[in-house]
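Asks:
There are 2 protein chains.
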Amino acid sequence: MRTSSQLSAVVGVVVFAAGTSVLLGRRAPERLQVPSGDLPHFTASGKLQRPLDWQSWVMVGASLGLTYDSTRPAPVAGASPRTFHTIFVQPWAYRHVQETGEFAENTMFILAMSDASQDADPARGGTYEGERMLAEIHLKKKDLSASGWGFYAFGGGDSAAMIPANASCYDCHTRNGDFDQVFTQFYPPLRHLEQTRTP
Amino acid sequence: MRTSSQLSAVVGVVVFAAGTSVLLGRRAPERLQVPSGDLPHFTASGKLQRPLDWQSWVMVGASLGLTYDSTRPAPVAGASPRTFHTIFVQPWAYRHVQETGEFAENTMFILAMSDASQDADPARGGTYEGERMLAEIHLKKKDLSASGWGFYAFGGGDSAAMIPANASCYDCHTRNGDFDQVFTQFYPPLRHLEQTRTP
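Line by line, the protein sequences give chains A and B.
Just so you know, this note's numbering puts 143 at position 143 of the first sequence, and the rest follows in order with no gaps.
Just so you know, this note's numbering puts 1079 at position 79 of the second sequence, and the rest follows in order with no gaps.
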């Protein structure tokens, strides 16, 4: 166990350091602590493996019942008025974008969904999150598609194939994501990023 | 800058290690990386200082318009149907409770509030978080009160005095918090903790 964990840590360092050599000089001790679980891992057939500890990642935005089209259901399942969406990103990727103004390779945004609950005491009004389910991952990796990103929809499985690059989610994010195809307009701590989409 | 940061790191290690010596043998490298900013700091007059990087902490629960009493406004300002609450805890404190089943001394829960927004494209339904404001901190520290916790309400200031221990928030959390005076019943990744309140 110890050996495996040490090996993973080394893999993490190598992959991450490749994209942040400039930063390494400044805050080396923190930078070298990228846990392997905070990087994307793939099966032999190229499916993205489900990260394990994503609920401890940085939560950049919560929403309730958010939909992108009033005339039909959102492409993401579960966008009912009673569904919370919470978006998580790896801590190292969050620090990277705050310090450099760019999303690093291997950045993963996780869309989690939970039913809006209201039954537990002492709640007397409003709604809170039920159990969270990992629904989708948006991964930045330049070989995945022309956009430089890939979408993965997880059901209950441990891994997911990439959604084909001609699916509507890619086009929608390119046209509507305020920053580098990400909906930073919905994420309080990322709203300051300079807008990159064409109005 | 470097010297100050190194000094802070040492302070962090000392305070944290005192409560987790059993764990240190198992995962020492991570345990020694508690940034000073992830511990409570006080002014000379005993006010709790506002943490700076709390939006990168672990978000344990989101809610919209949550209130605890249907007959009057909640004791926390802003509990309107259009206010998101998001609750953050230090990453080291989150790992500690997941590994030991107990909240460590110096654990801080931050209640952030944000207006429910709905104007940014491509939103066509539902609401998302506006700007987040740090509203309250719930700090575990045994000398603060008989309950072992202290509440601090932040306005726009950089520090806040503790709310007196006879205020209703203490009694409400003692009676209604599922685990150690914390409303874990509203927090998906902490709901598994063994209930400690008297039914």
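Just so you know, even glycine gets a beta-carbon here, dropped at the ideal spot from N, CA and C.
Here the structure is a predicted model, which means the values were calculated and not measured.
#1: Hey, would you say S1114(B) sits closer than 8 Å to P188(A), going by beta carbons?
#2: Please confirm whether F186(A) and A1044(B) have their CB atoms less than 8 Å apart.
#3: Between T1196(B) and G125(A), which are expected to be in contact by the criterion C-beta below 8 Å, what is the C-beta distance as a whole number of angstroms?
#4: To test your reading of the DSSP string, which unbroken alpha helix (DSSP H) runs of 4 or more residues are found completely within the region 83–152 of chain A?
#5: Measuring straight from C-alpha to C-alpha, what distance separates E1194(B) and Q1090(B)?
#6: Taking Cβ-Cβ distances below 8 Å as the criterion, which residues of the region 121–147 of chain A are in contact with chain B?
#7: For P164(A) and K1141(B), what's the separation of their Cα atoms in angstroms?
#8: Alpha helix (DSSP H) containing T1196(B): first to last residue?
#9: Smallest Cα separation from G1065(B): which of S117(A), R191(A), D143(A)?
#10: Does any CB atom of chain A fall closer than 8 Å to the CB of Q1181(B)?
#11: For A62(A), would you say it is in contact with chain B, using Cβ-to-Cβ distances shorter than 8 Å as the test?
#12: Would you say G65(A) lies against chain B (beta-carbon separation less than 8 Å)?
#13: Could you list the residues in the region 1043–1061 of chain B with a C-beta less than 9 Å from some C-beta on chain A, going in chain order?
#14: Answer with buried or exposed for N1106(B), where buried requires no fewer than 16 other C-beta atoms within 10 angstroms of its C-beta.
#15: Between Y1094(B) and chain A, is any beta-carbon pair separated by less than 8 Å?
#16: Could you check if T174(A) belongs to the surroundings of the ligand HEM, using beta carbon to heavy atom distance under 7 Å?
#17: Could you spell out where the beta strand (DSSP E) holding S1168(B) opens and where it closes?
#18: Can you list the residues of chain B that T86(A) reaches, using a CB-CB cut of under 8 Å?
#19: Can you list, in chain order, the residues of the region 1157–1185 of chain B whose Cβ is nearer than 9 Å to any Cβ on chain A?
#20: Residues in its own chain within less than 7 Å of D158(A) by CB, not counting five upstream and five downstream?
#21: May I ask you to list, following chain order, the residues of the region 90–116 of chain A that have a beta carbon less than 8 Å from some beta carbon of chain B?
#22: Tell me whether S1008(B) sits in a helix, a strand or coil according to DSSP, three-state version.
#23: What three-state label does DSSP hand T184(A) in the structure shown?
#24: Can you find the residues in the same chain that come closer than 6 Å, C-beta to C-beta, to Y1128(B), ignoring five residues on each side of it along the sequence?
#25: How far does the beta strand (DSSP E) with L1066(B) in it extend, from its first residue to its last?
#26: Taking just the CA atoms, how far does G1177(B) sit from F1183(B)?
#27: To the nearest angstrom, how far is the alpha carbon of N166(A) from that of G155(A)?
#28: With a Cβ-Cβ cutoff of 8 Å, do E131(A) and F151(A) count as a contact?
#29: Quick one: which chain B residues come within Cβ less than 8 Å of Y68(A)?
#30: Excluding sequence positions up to five away, which residues of its chain have a Cβ less than 7 Å from the Cβ of A1146(B)?
#31: Could you check if R1095(B) is buried or exposed, using at least 16 other CB atoms within 10 Å of its CB as the buried criterion?
#32: Find the residues of chain B that neighbour P189(A), judging by a C-beta separation of less than 7 Å, and give them in chain order.
#33: List the residues that DSSP assigns as beta-bridge partners of L48(A).
#34: Between the Cα of T86(A) and the Cα atoms of S56(A), T174(A), L39(A), which residue gives the shortest distance?
Replies: Looking at the coordinates:
#1: yes
#2: no
#3: T1196(B) to G125(A), Cβ: 26 Å. No contact.
#4: 91–100
#5: 21 Å
#6: D121, P122, A123, R124, G125, G126, T127, Y128, E129, G130, E131, R132
#7: 52 Å
#8: Premise fails: T1196(B) is in no alpha helix (DSSP H) and is neither H nor E.
#9: S117(A)
#10: no
#11: yes
#12: yes
#13: Q1055, S1056, W1057, V1058, M1059, V1060, G1061
#14: buried
#15: yes
#16: By its list of ligands, the structure shown contains no ligand whatsoever, and the ligand HEM lies outside what it can speak to.
#17: First-last for S1168(B): 1168–1176, but that is the alpha helix (DSSP H), not the beta strand (DSSP E).
#18: M1059, A1062
#19: C1172, R1175, N1176, D1178, F1183, Q1185
#20: Q49, R50
#21: P91, Y94, R95, S114, A116
#22: Any reading at S1008(B) must be qualified, since the residue scores a pLDDT of 39, below 50, and its modelled position is unreliable; the value itself is stated next. If DSSP states are grouped into helix, strand and coil, S1008(B) belongs with the helices.
#23: helix
#24: S1117
#25: 1058–1067
#26: 4 Å
#27: 20 Å
#28: no
#29: P1122, A1123, R1124
#30: A1165
#31: buried
#32: Q1055
#33: F42(A), A160(A)
#34: S56(A)
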